[in-house]
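Structure first, then comments.
4 protein chains.
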Amino acid sequence: MQEQTEIFEWPVTVYYEDTDAGGVVYHSNYLKFFERARTELLRTIGVSQQTLLEQNIGFVVRHMDIDFLQGARLDDHLVVKTSIAELKKASLTFCQEIVNPVGQILCKAMVKVACIDNKKMRPKAMPQSIVMELTQSDR
Amino acid sequence: MQEQTEIFEWPVTVYYEDTDAGGVVYHSNYLKFFERARTELLRTIGVSQQTLLEQNIGFVVRHMDIDFLQGARLDDHLVVKTSIAELKKASLTFCQEIVNPVGQILCKAMVKVACIDNKKMRPKAMPQSIVMELTQSDR
Amino acid sequence: MQEQTEIFEWPVTVYYEDTDAGGVVYHSNYLKFFERARTELLRTIGVSQQTLLEQNIGFVVRHMDIDFLQGARLDDHLVVKTSIAELKKASLTFCQEIVNPVGQILCKAMVKVACIDNKKMRPKAMPQSIVMELTQSDR
Amino acid sequence: MQEQTEIFEWPVTVYYEDTDAGGVVYHSNYLKFFERARTELLRTIGVSQQTLLEQNIGFVVRHMDIDFLQGARLDDHLVVKTSIAELKKASLTFCQEIVNPVGQILCKAMVKVACIDNKKMRPKAMPQSIVMELTQSDR
């Protein structure tokens with residue numbers, strides 16, 4: 001049986017920098033919002049990407065499947081909802097949604113992130129401490 | 001039988017703005033490269049997005065399925081290869097790849113773009129002239 | 001005698017999206033941090049840029065003088081300090097600094113912003129309500 | 001007597017990614033256009049920033065004085081005009097303008113760039129080969 005995963009929420013405000021001439025958020029900028037939320041989720045379990053970077057460990061996005069459902073507008077206060085869908089030895093799949101204040105989903109994505117050795121650009125098993133924290137935060 | 005689709009090639013150079021602290025192109029920036037190539041493909045058949053915008057017609061990305069296979073680096077000269085995988089009344093699906101000078105595919109995506117009325121944010125049939133051009137350029 | 005102006009502080013976290021291959025924040029991204037802070041300062045006095053945009057009023061940057069003193073790094077928690085240096089009928093000059101947690105100034109700028117009519121792209125007197133709020137918040 | 005400096009021209013096209021909800025290019029994106037042009041100017045004299053980066057040498061922007069005169073729009077074909085205003089042992093000042101097809105200056109800047117040791121984040125004399133090329137290209 002699949003256990004219920006905790007959902008991590010991270011707020012994002014839409015600034016001019018995020019919008020385009022169509023009057024809404026430029027599509028690739030949702031990926032930045034998703035990444036901020038993943039970074040903050042990792043931070044809550046004690047993972048600093050700068051520290052990992054200094055050890056030549058990086059998390060890189062390998063695959064994304066994204067639905068852009070509705071455009072967000074300037075000044076919108078959004079929430080990025082993130083949960084971990086799958087945890088493997090050298091990769092992690094996140095399920096992410098961006099919702100507006102009335103609860104509409106504007107954008108959703110499945111994001112597969114791999115742990116790599118930044119020098120060799122090769123897959124690398126995630127540090128055990130991270131795996132343990134991620135497993136525990138599931139409870 | 002599926003007819004062979006023409007492949008449109010557009011060059012992209014990697015600048016500092018495109019990279020991140022991991023030393024490679026930040027993942028969401030590949031989406032910008034893909035969009036430049038789609039814009040230029042449309043330009044070759046006479047479609048100006050600024051003109052469409054003034055008529056409140058916009059092309060918005062609805063769905064993307066992306067594989068990030070290998071990182072591009074500063075100063076890399078890449079080519080975005082784009083073909084039209086599917087043409088519907090109010091949407092268009094592009095098949096896109098980013099390749100490096102030795103022919104390795106760094107990133108590939110299926111991108112579904114919808115034609116919308118920018119004021120109402122509703123789907124809209126593509127202008128007939130565009131459909132005709134897209135159909136002809138397939139030959 | 002010059003009266004002491006209130007300083008508005010806005011926190012900014014550095015994510016991968018902000019950095020470049022040099023390992024620090026890409027220089028133009030400090031301008032985004034400055035703009036977020038100006039937007040939030042305006043929000044505290046009740047100004048919504050989306051509402052202004054719907055009235056075809058925009059604030060556009062006309063001039064910037066920027067010193068890039070030191071690079072910020074991934075995961076840095078910065079503070080943008082903003083005060084109003086000059087208030088005119090159709091323009092506003094901000095004095096802004098980005099400081100790191102130990103109080104070092106990483107970047108500082110004088111930013112002149114003009115109020116314009118977005119359709120005509122012409123200067124426009126700032127709405128009286130904004131001028132009043134800005135004058136009062138100086139006390 | 002001041003000798004006449006060569007002007008380097010680099011074309012830039014405005015895509016959706018560059019614009020904002022005001023309908024024009026977002027102000028900080030002109031800095032990206034300026035940087036692409038400086039990179040290409042350096043490339044014409046044989047300087048590869050990726051090669052420099054591998055030697056831990058970086059060019060970082062230290063100071064910018066920018067006038068934003070007029071907004072560029074989606075699909076605009078612009079030209080960035082760049083000349084070297086001053087050449088010192090460890091720094092370089094560029095004079096840059098962005099002009100539209102009818103010759104109007106949209107944005108202009110004086111940009112001081114320093115040569116640094118990327119590890120120590122300290123100023124460093126420019127490689128002699130670069131200085132020679134820059135001096136020769138002035139003739």
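Chains as they are written, first to last, in the working numbering: chain C, 1 to 139; chain E, 1 to 139; chain D, 1 to 139; chain H, 1 to 139.
Where is the CB? At the ideal position from N, CA and C, for every residue including glycine.
Quick caveat, the model's predicted, so the values are computed rather than measured.
Which chain D residues sit within Cβ distance under 9 Å of residue i?
i: Tyr26 of chain C; result: By Cβ distance, chain D contributes nothing, its closest Cβ being about 13 Å from Tyr26 of chain C, past 9 Å.
Just checking my contact of residue i with residue j at CB under 8 Å: how many whole Å lie between their CB atoms?
i: Thr19 of chain D; j: His77 of chain D; result: Actually they do not touch by this definition, with Cβ atoms about 14 Å apart.
i: Phe8 of chain E; j: Thr44 of chain E; result: 7 Å
i: Glu17 of chain D; j: Glu40 of chain C; result: Actually they do not touch by this definition, with Cβ atoms about 13 Å apart.
i: Leu31 of chain E; j: Leu31 of chain C; result: 7 Å
Within a Cβ cutoff of 8 Å, which residues of the same chain sit near residue i, ignoring the five residues on either side of it in sequence?
i: Thr135 of chain D; result: Leu87
i: Lys120 of chain C; result: none
i: Met1 of chain E; result: Note that Met1 of chain E scores a pLDDT of 38, beneath 50, so its modelled location is shaky; the value from the coordinates is reported in the next line. Cβ within range, chain order: n/a, list empty.
Listing by chain order, which chain E residues have their CB less than 7 Å from the CB of residue i?
i: Leu74 of chain D; result: Ala21
Got a sec? Which residues, its chain only, sit under 6 Å from residue i by beta carbon, not counting five neighbours each side?
i: Glu97 of chain C; result: Lys81, Ile105 and Lys108
i: Gly58 of chain H; result: Ile116 and Asn118
i: Leu92 of chain H; result: Val113
i: Met64 of chain D; result: Ala109 and Val111
i: Ala37 of chain D; result: Trp10, Val80 and Thr82
i: Glu133 of chain C; result: Ile45
i: Gln128 of chain E; result: none
i: Val99 of chain E; result: Val79 and Ile105
i: Met126 of chain D; result: Cys115
i: Gln50 of chain H; result: none
Applying a beta-carbon distance threshold of less than 9 Å, which residues of chain E neighbour residue i?
i: Tyr30 of chain D; result: Here the premise fails: no neighbours, minimum Cβ distance about 13 Å.
Can you list, in chain order, the residues of its chain whose CB lies under 7 Å from that of residue i, leaving out five sequence neighbours each side?
i: Gln4 of chain D; result: Annotation note: pLDDT 48 at Gln4 of chain D (below 50); position unreliable, no value reported.
i: Val47 of chain E; result: Ile130
i: Arg122 of chain E; result: Ile116
i: Asn29 of chain H; result: Asp18
i: Ala210 of chain H; result: Outside the displayed span of chain H (1 to 139) sits residue 210 of chain H, for which this structure offers no information.
For residue i, which residues in chain C fall below 8 Å Cβ to Cβ?
i: Glu17 of chain H; result: Asp20, Tyr26 and Ser28
Using CA atoms only, rank isn't needed, just tell me which of the options is closest to residue i.
i: Leu74 of chain H; options: H:Val24, H:Met126 and H:Lys32; result: H:Val24
i: Gln70 of chain H; options: D:Phe68, D:Val61, D:Lys32 and D:Leu69; result: D:Val61
i: Glu6 of chain D; options: D:Ala85, D:Pro123 and D:Ala90; result: D:Ala85
i: Lys124 of chain D; options: D:Gly22, D:Gln55 and D:Gly103; result: D:Gln55
i: Ile102 of chain E; options: E:Ala72, E:Leu31, E:Ile66 and E:Asp67; result: Before going on, a small fix: residue 102 of chain E reads as Val here, not Ile. Cα-wise, what sits closest to Val102 of chain E is E:Ala72.
i: His27 of chain H; options: H:Asn100, H:Lys89, H:Asp67 and H:Met126; result: H:Asp67
i: Phe33 of chain C; options: D:Met126, D:Tyr15, D:Asn29 and D:Phe33; result: D:Tyr15
i: Leu52 of chain E; options: C:Gln50, C:Ala21 and C:Thr51; result: C:Ala21
Just the chain C side, please: which residues come within less than 9 Å of residue i by C-beta, in chain order?
i: Asp65 of chain E; result: His63, Met64, Asp65 and Ile66
i: Gln136 of chain D; result: Within 9 Å Cβ-Cβ: nothing; Gln136 of chain D doesn't reach chain C, min ~22 Å.
I want to verify the contact list: residues of chain C whose CB lies under 7 Å from the CB of residue i, in sequence order.
i: Thr39 of chain D; result: Tyr15
Determine the chain H residues that contact residue i at a beta-carbon separation under 9 Å, and present them in chain order.
i: Val60 of chain D; result: Gly22, Val24, His27, Phe68 and Gly71
i: Glu151 of chain E; result: The structure shown has nothing for residue 151 of chain E, since chain E only spans 1 to 139.
Can you name the residues of chain E whose CB is closer than 8 Å to the CB of residue i?
i: Leu53 of chain C; result: Ala21 and Gly22
Can you name the residues of chain D whose CB is closer than 7 Å to the CB of residue i?
i: Ser48 of chain C; result: Asp75
With 8 Å as the limit, tell me which residues of the stretch 107-124 of chain C have their beta carbon closer than that to any beta carbon of chain E; keep them in chain order. Asn118 and Met121
Using a beta-carbon distance cut-off of less than 9 Å, what residues from the stretch 88-102 of chain H approach chain D? none
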